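**Student:** Below: one structure in structure tokens.
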Amino acid sequence: MSPVKKKMKKDKMADLSAGTPANEAPPSFAPEGDKDGGGAATCEGRKTDAAATPEHPSTSVTNQPLSEQNDMNLMKATSCALEEKKLDAESSQGVVEKPQTTEDEMSDFIREIEEPGYECKEEEIRVDELQSSDDDPAVKVIRAPTPDSSAEDGSIETVPNRAPIRAPSPDPWLVAPTMESVYESEDLEEIMSSDYHKYAQYYENGEEGEEKPKDPKKKALARETSTSIQQFRKYSWGIREVPYELPDALPQSLQDNKFVLVPSSRPYALYMVMETDGGSYMCTPIRREVVADDRPDLYAIRLDCSAYDSASARNFDTTDIYLMDILFIEEIVRRQDARPEDFITNIEQARKLSSHKYWKVKTCCRLPRDMLYNESGMHIAGCETRKTRSFLVNNVEETAIARVKDCRGADISKFVAIDVIRPLIQPGAWLPGFKPPFGVEDRVLRSVQYHLDLPHILPQAIKVYPLDERREKLLEHAPDVFSRDVEPTQQDFMRLQTLTKFGIYTSEAMASAYYDGHKYYGQVERATEGRYTEIVIKLALPEGQHFAKEKWRQGTRLSLRFESTALKATLLSIVADKGSATIRVKPLRRDSFVLKASEAVGLPVFAMHQLESPRQRIFRLMGIKTIPRFRNWMPAMTMLIALHGGKPLPPLAKREGSAAYSIAGLNLTDEQGAVLSLMKSEEFVACTVNCGPGSGKTTTVMSALVKCVKSASHEFAVFTGNSNSAVTQGVATLKRLDPEGAIPAIRLISANHRQVVDETATTDIDYPVVWPDVLRKQVLLEDESNLKPRQYTISAVMHLKRNLLIRKRDLRNRYLRDAITDKPGEKPEQPAHSLMETLFRIMKPKVIIGTADTLRQTFKTEPFLDNWKTWVRNVVVDESSQIGHHTVTNLAFCFPRGKFLFVGDAMQLPPYAEHSYPQKLYRIHSGPVFANTIHRQLIPNLSLTRCYRCPSQSVELISRLYYNGQLTAAKKPSNENPMLKGLGLPDRTPSVIINTSSEERKEGTSWTNQQEMIYAIRLAERFLTTPECEGKTMAIISFYLAQSQEVAAVAPAGIHVGSVDATQGREYDLVVLLTTRSQEFSEFACSPERFTVAVSRHREALVVLGNTRRMIKPDNWKALLDATAKTSIVNATAVPFMRNSNK
1 MSPVKKKMKK DKMADLSAGT PANEAPPSFA PEGDKDGGGA ATCEGRKTDA
51 AATPEHPSTS VTNQPLSEQN DMNLMKATSC ALEEKKLDAE SSQGVVEKPQ
101 TTEDEMSDFI REIEEPGYEC KEEEIRVDEL QSSDDDPAVK VIRAPTPDSS
151 AEDGSIETVP NRAPIRAPSP DPWLVAPTME SVYESEDLEE IMSSDYHKYA
201 QYYENGEEGE EKPKDPKKKA LARETSTSIQ QFRKYSWGIR EVPYELPDAL
251 PQSLQDNKFV LVPSSRPYAL YMVMETDGGS YMCTPIRREV VADDRPDLYA
301 IRLDCSAYDS ASARNFDTTD IYLMDILFIE EIVRRQDARP EDFITNIEQA
351 RKLSSHKYWK VKTCCRLPRD MLYNESGMHI AGCETRKTRS FLVNNVEETA
401 IARVKDCRGA DISKFVAIDV IRPLIQPGAW LPGFKPPFGV EDRVLRSVQY
451 HLDLPHILPQ AIKVYPLDER REKLLEHAPD VFSRDVEPTQ QDFMRLQTLT
501 KFGIYTSEAM ASAYYDGHKY YGQVERATEG RYTEIVIKLA LPEGQHFAKE
551 KWRQGTRLSL RFESTALKAT LLSIVADKGS ATIRVKPLRR DSFVLKASEA
601 VGLPVFAMHQ LESPRQRIFR LMGIKTIPRF RNWMPAMTML IALHGGKPLP
651 PLAKREGSAA YSIAGLNLTD EQGAVLSLMK SEEFVACTVN CGPGSGKTTT
701 VMSALVKCVK SASHEFAVFT GNSNSAVTQG VATLKRLDPE GAIPAIRLIS
751 ANHRQVVDET ATTDIDYPVV WPDVLRKQVL LEDESNLKPR QYTISAVMHL
801 KRNLLIRKRD LRNRYLRDAI TDKPGEKPEQ PAHSLMETLF RIMKPKVIIG
851 TADTLRQTFK TEPFLDNWKT WVRNVVVDES SQIGHHTVTN LAFCFPRGKF
901 LFVGDAMQLP PYAEHSYPQK LYRIHSGPVF ANTIHRQLIP NLSLTRCYRC
951 PSQSVELISR LYYNGQLTAA KKPSNENPML KGLGLPDRTP SVIINTSSEE
1001 RKEGTSWTNQ QEMIYAIRLA ERFLTTPECE GKTMAIISFY LAQSQEVAAV
1051 APAGIHVGSV DATQGREYDL VVLLTTRSQE FSEFACSPER FTVAVSRHRE
1101 ALVVLGNTRR MIKPDNWKAL LDATAKTSIV NATAVPFMRN SNK
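Reminder that position 986 of the sequence shown reads as 986 in full-length UniProt numbering, one-by-one numbering, no gaps.
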């Protein structure tokens, strides 16, 4: 039952209950200004002795909670008294008469209730007397006698002067409307007089279903509901025309400012301090429901020193206030200089906070701040403004902003200490569970969110000062924390974990800057079905507001909501124009787009970023909670010492004889067999395998794993990588080497995560796919016997029953039947084992596969795996050039007895980092570990030099440039390329260079080239219509993200478009490489690692589009020109189909 329905039920029960006894007076809620208003008010909060004023003669707040019904009585009494104030003030200038209920209206009402079928849901009463006068502002209500009393015992009750709630009122405009009437009403007076918020119907499964936070400060935020917000709206509406009264000066207390978790009175609304306004501040509500679409006047309220701080019992101290402070605003008042026209009624005029000149805070108190002291931090160069500086801070999920004057005491070129305030919540959020119907959501989005869009609040660094000597020394020498001359201690590992945590927080803070939390309305312009499903959507952008196109990067995960369905998608491209943006997306699952392409065109849709909470992601990246106790015989811990400044591991012993072997019809070479020999060796502790592009590294290491686990009795192996693509490639290789499935293997991935990854990143040995079949087979196997099953089989049948995968009638074994039989009046018995433990005990996997993040999280949250991880012998880390120190450290802490094999290419791209990420932090977080380990010879190394992917000429080029000529090609040289010949391009060599003679264009920090994009699209169209290319794959890659996004916006379906960095680890038959730059090739495009990736993704042919005159200067690009036959270097105008797209 929703909170609104609970409230209605509570009201109804209160109405049906017996009246107050005659000898017991009802609680007094005399509003300020009444003659008897000095009584004690019972409110939720602590006891505070407030100073006496004419408005508050003697107020004492007790610790008794105020019931919700009393809240409503207080609201109604206050509104009525304020209405009387208004009428008294107006009557001093002229006669004001309230409309009276006529005799005919009363007769109509009596006739209506006497008609057959009329049903009164509330107790019957009679109103014998209604008296109202200035001398006695009360109404005597004579209640009807109850069945247990005589007619003479009718009780008399005195209530505030307002319309009785159980009888027709002589003042019809004071009757509170029902919840249903509020939803249908467009009358603002009726909406404001209701006890229910106009959006209350949209929280049917929201407010009560949300899990309450454990943090007391966030729990205080969660107490605000649509009902409490409506009380504040109703209260403020009733006083909107009450004239300003000059408050008396309060004695100033010398005690510190107090912060509270519960306000001293109700109603209240939570507001955040957003900007300064001279010597005062402008505050805006935390929740959008305060303003909704009908109260723009409440969007901003002024706070100054005349406000009363109810927690500190004095005037508000504006010298101790920060932007993002959160206030419980209990009372507001019309500003002294406010004019009637200052009361904003048009929501389009409410956007600018400084334009609000009507309301000011009268009484408030503040919520405690989320403060962190003396945290390590680092300045982000290039992100400063004239007045502010940006910092990355430990334990803070976003970049922190500091004023320049707060940084003068420290050298910000070094690591510094920072005191910081973190925002508890972002202003302008909806209450949890706000899910209006699809049609209503469009109206709410356009009428509220687009107009009242608040900026994202970043943490604020309030003090920056020098770091203490101990931490500064640790950070400056990081990532080295061990010494070659000193024995390692447990304290050293704790320092390593501290560095890991610091790197994770700062890296995630940089990444979170590219999250767009806005929701956008749009319509489908085009949709394609078939092998490749794509949707083109035109989004409407808010007028007058900046659209952060740079946050909509290629590959961003999006959530799309249609009226009849919802799906997850990947952003392929975006083209932004004034007032609109066109996005091209690909659903993560082809079958998730249930609409037909023809039916989808024109459909409305909502689009927004889909991003895991930074706090949740950091928790997932942190690894295990406790560090294993170091022992000299732990291989993984010994490896960590070598990688972080300790003594290097000894080199491998010289190997004799050939190590070549065969598996599943594959013949592995001697250098591939050396990996298997190493993994079987007892002296093996840790090793790197440095591989050339396309050298079959995944096949090599997976073959070695298969051989090792087949001969091991209890031990098992772990295969991991930094991405889902590396993991799925490992699974595919395992199935090719073990086609019969003789080796039990499982890929760890949660069911929720499997729903949000691309369908190409899923496998048939994923945990959510495997466990139902394995558990059911085990249960049916033991069901054939009448003996008592094993305990984990009992757990298995219980898990199947809980997931509705088995029924009692499917079983014959009485023990199994009893296990899933519900006993009346008792809670269902819980399984003795968790679902994963049950699966592992039945399946006994020999190979566990998963991303590094998933493995860390799984082994941290499943207690039974504490014993299993002691049996991990080998841990293979694929694509190791992409992993950082945090990954290596947490994996070693997770598998301290495992022997690690790092597989990668030192000449490929290191771990990704944002452009402005400080180099000192990159060294702590990322390294790059793999390349540094090989160059510094910290652990032994093996090499794979035979390349199977690229043509011979391409292998010779990169071997000569970066591998000291050690790479050899498995493919034989050829003077003819069938794919290029079929496309109508020169085919003497596998690479073709087409001179475009085009102009570059700068896009922010990136670059585009319009003419190169046109030529690339013509090549793609030619590829798709060429018979020789049928069944082949093609990719268009660029060094610059902006160029990739422009190409992706117009590329035909079925063609991969991406940046060079994003293409690492993939391969295609044909690759079209866009150089983009026409003036000068930057250091970015000439990077050896990036160049190696760019020219080694093709299996058959490489086509380079660029300015050949600019390629002559950089050594690597000149080498590519020299390696390409002269006849294969042509002008774009010399290629017929590139001159005319129709050919």
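Don't be surprised by glycine CBs; every beta carbon is placed ideally from N, CA and C.
Computed from a prediction, not measured in an experiment: that's the story for all the values here.
1) Could you say which of PHE684, TYR767, THR318 lies nearest to PHE902 if we only look at CA atoms?
2) Decide yes or no for the touch test of the region 1114-1132 against the region 1031-1044: beta carbon pairs closer than 8 Å, at least 3 of them.
3) Name the DSSP beta bridge partners of TRP1007, please?
4) Alpha carbon to alpha carbon, how far is CYS269 from VAL242?
5) Using C-beta distances below 6 Å, list every residue in its chain close to residue 1219, excluding the 5 sequence neighbours before and after it, in chain order.
6) When you compare only the Cα positions, how much space is there between THR851 and ARG1066?
7) Can at least three beta-carbon pairs, one atom from the region 777-789 and one from the region 751-764, be found at a separation below 8 Å?
8) Smallest Cα separation from VAL1103: which of HIS477, SER1128, ARG790, PHE438?
9) Over the uninterrupted beta strand (DSSP E) stretch that includes SER280, give me the two end residues.
10) Looking only at its chain, what residues have a beta carbon closer than 6 Å to the beta carbon of ASP419, apart from the 5 residues adjacent to it on each side?
11) From THR669 to SER677, what does the alpha carbon distance come to, in whole angstroms?
12) Assuming contact is defined by CB atoms lying nearer than 9 Å, are ASP492 and GLY721 in contact in what I supplied?
13) Return the CA-CA distance between ALA1042 and PRO772, expressed in angstroms with no decimal places.
14) For the alpha helix (DSSP H) containing GLN230, list its first residue and its last residue.
15) Considering only residues of the region 884-909, which uninterrupted alpha helix (DSSP H) runs meet the minimum length of 4 residues and lie entirely inside it, listed in chain order?
16) Hey, would you say PHE619 sits closer than 9 Å to ALA581, going by beta carbons?
17) Determine, using beta carbons only, whether SER1078 and VAL689 come nearer to each other than 9 Å.
18) For TRP359, does the three-state DSSP call read helix, strand or coil?
19) Per the contact definition of three or more C-beta pairs closer than 8 Å, is the region 915-923 in contact with the region 951-965?
20) For ASN1116, name the three-state secondary structure that DSSP assigns.
21) Could you tell me whether the region 987-1007 touches the region 723-736, using the rule of 3 or more Cβ pairs below 8 Å?
22) Going by DSSP in three states, ASP370 sits in which element: helix, strand or coil?
23) Ordered along the chain, which non-local residues of its own chain (more than five positions away) have a Cβ less than 6 Å from that of PRO427?
24) Do you know offhand how far PHE716's Cα is from ILE806's?
25) State the CB to CB distance for the pair GLY982 and GLU1028, rounded to an integer number of angstroms; the pair is presumed to be in contact (CB under 8 Å).
26) Answer yes or no: do ARG302 and LYS357 have a C-beta to C-beta separation smaller than 9 Å?
27) Here's a check: name, in chain order, each residue in its chain whose Cβ is nearer than 7 Å to the Cβ of ARG655, leaving out the five neighbours to either side.
28) How far does the alpha helix (DSSP H) with VAL756 in it reach, from first residue to last?
29) According to DSSP, simplified to helix, strand and coil, what is ALA745?
30) Of the choices TRP871, ALA509, SER725, GLU999, whose alpha-carbon is the least far from that of MET378?
31) Thinking just about the alpha-carbon of each residue, which of ASP577, ALA913, TYR792 is nearest to the one in LEU816?
32) Do three or more CB pairs link the region 820-836 to the region 868-883 at distances below 8 Å?
33) May I ask you to report which of helix, strand or coil DSSP gives THR1080?
34) Rounded to the nearest angstrom, what separates VAL95 and PRO213 at their Cα positions?
35) Taking the Cβ atom as the reference point for each residue, do SER703 and ILE743 lie within a distance shorter than 9 Å?
36) Check the C-beta distance from SER573 over to GLN1045 and give it rounded, since I have them as a contact under 8 Å.
**Tutor:** Inspection of the coordinates gives the following:
1) PHE684
2) no
3) LYS1002
4) For clarity, residue 269 is Ala in the given sequence; the question names Cys instead. Looking at the two C-alpha atoms, the distance is approximately 20 Å.
5) No answer is possible for residue 1219: it lies beyond the span of the chain, which begins at 1 and ends at 1143.
6) 17 Å
7) no
8) SER1128
9) 280-285
10) TYR373, ILE462, LYS463
11) 12 Å
12) no
13) 45 Å
14) 226-238
15) 885-894
16) no
17) no
18) strand
19) no
20) helix
21) no
22) strand
23) MET272, THR284, ILE286, LEU454
24) 31 Å
25) 3 Å
26) yes
27) ALA674, SER677
28) 751-756
29) strand
30) ALA509
31) TYR792
32) no
33) Residue 1080 is actually Glu in this sequence, not Thr. DSSP places GLU1080 in coil when its eight states are reduced to three.
34) Only weak support exists for where VAL95 lies, its pLDDT of 36 falling under 50; the value from the coordinates is given anyway. One C-alpha to the other measures close to 54 Å.
35) no
36) 5 Å
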